[in-house]
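Presented below is the structure to which this report refers.
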Amino acid sequence: MDLSDAVSRHERGNAILFTRDSPCLSALRSLLESSDRRTVALWGLERAERTAEELARRHPEDPRPSVAVETCSRWCRGEIKMPEAKRAILDVHAMARDMRSPADAALCHAVGQGCSCVHTPKHALGLPVYELTAVFLEGGEGRTGAVAWRATSYLVDLKRIRDAEKDGMQWAPFLQ
1201 MDLSDAVSRH ERGNAILFTR DSPCLSALRS LLESSDRRTV ALWGLERAER TAEELARRHP
1261 EDPRPSVAVE TCSRWCRGEI KMPEAKRAIL DVHAMARDMR SPADAALCHA VGQGCSCVHT
1321 PKHALGLPVY ELTAVFLEGG EGRTGAVAWR ATSYLVDLKR IRDAEKDGMQ WAPFLQ
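For any residue, its number in the numbering used here is found by taking its place in the sequence shown, counting from 1, and adding 1200.
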């Protein structure tokens, strides 16, 4: 897997090591662009939930990531309106400023981006951009394999969600 762009950004001291144009995200980018809005929203929420669970293990005293996922799941179902969800998303992004670890800060932003997929699919690549930054920062010698595994898992999950039946689910009016 080609991580030369991330290595270069890391050497320059950049906080975010991947972009939507990173080679390791090209297949995901294509699949996201061809997926419907509901699929992308569900994928973003599912991935954000996993990341929120990791943050809960690392920072059990701070519920903001889990609150953001739950709040945005309710928004996706039409149970609440955007302002409440937006507040929860902004709160999890604010949590990043409280983190001492750059990897944990990146995970906070990943949750926020995943939750924001309910608003627009344009946020979808933000989740892997931030999460892969955390994986890279924590990966040490095995970072290439760890990033490759995570990038593949995004594709597997998106394909599974894309192929799943969604008609019986409750949706907010803006997602119908």
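Note that beta-carbon positions come from the ideal geometry of N, C-alpha and C, so glycine has one too.
Does the segment 1360-1374 come into contact with the segment 1247-1260, if we say contact requires no fewer than three beta-carbon pairs (one atom in each stretch) closer than 8 Å?
The segment 1360-1374 is not in contact with the segment 1247-1260.
Distance, Cα to Cα, Arg1277 vs Ala1268?
So the alpha carbons of these two residues sit roughly 14 Å apart.
Determine the closest residue to Glu1261 out of Met1201, Ala1215 and Asp1298, with distance taken between C-alpha atoms.
Checking every option, the nearest Cα to that of Glu1261 belongs to Asp1298.
With H, G and I counted as helix, E and B as strand and the rest as coil, what does DSSP make of Gly1340?
In the structure shown, Gly1340 sits in a helix (DSSP, three-state: H, G or I).
When you compare each of Leu1355, His1319, Leu1337 and Arg1362 to Arg1193 by their alpha carbons, which one comes out closest?
For residue 1193 there is no data in the structure shown, the boundaries of the chain being 1201 and 1376.
Can you list, in chain order, the residues of its chain with a C-beta nearer than 6 Å to that of Pro1265? Leave out the 5 residues immediately preceding and following it.
If you ignore the 5 residues before and after Pro1265, its C-beta comes within less than 6 Å of the C-beta of Ala1252, Leu1255, Val1292 and Val1311, all in its own chain and listed in chain order.
In whole angstroms, give me the CA-to-CA distance for Cys1315 and Gly1339.
In a straight line, the C-alpha of Cys1315 is about 25 Å away from that of Gly1339.
Helix, strand or coil for Ala1324 per DSSP?
In the three-state DSSP reduction, Ala1324 falls in the coil class, being neither helix nor strand.
Contact under 8 Å by Cβ, Leu1325 with Val1347
No.
Where do the N-terminal and C-terminal ends of the alpha helix (DSSP H) with Ala1241 fall, by residue?
Residue range Arg1237 to Arg1258 is occupied by the alpha helix (DSSP H) that includes Ala1241.
Looking at Ile1361 and Glu1246, is the spacing between their C-beta atoms short of 8 Å?
Yes, they are a contact pair.
Given Arg1350, which residues of its chain have a CB within under 8 Å of its CB, disregarding the five upstream and five downstream residues?
Contacts found: Pro1328, Glu1331, Leu1332 and Val1335.
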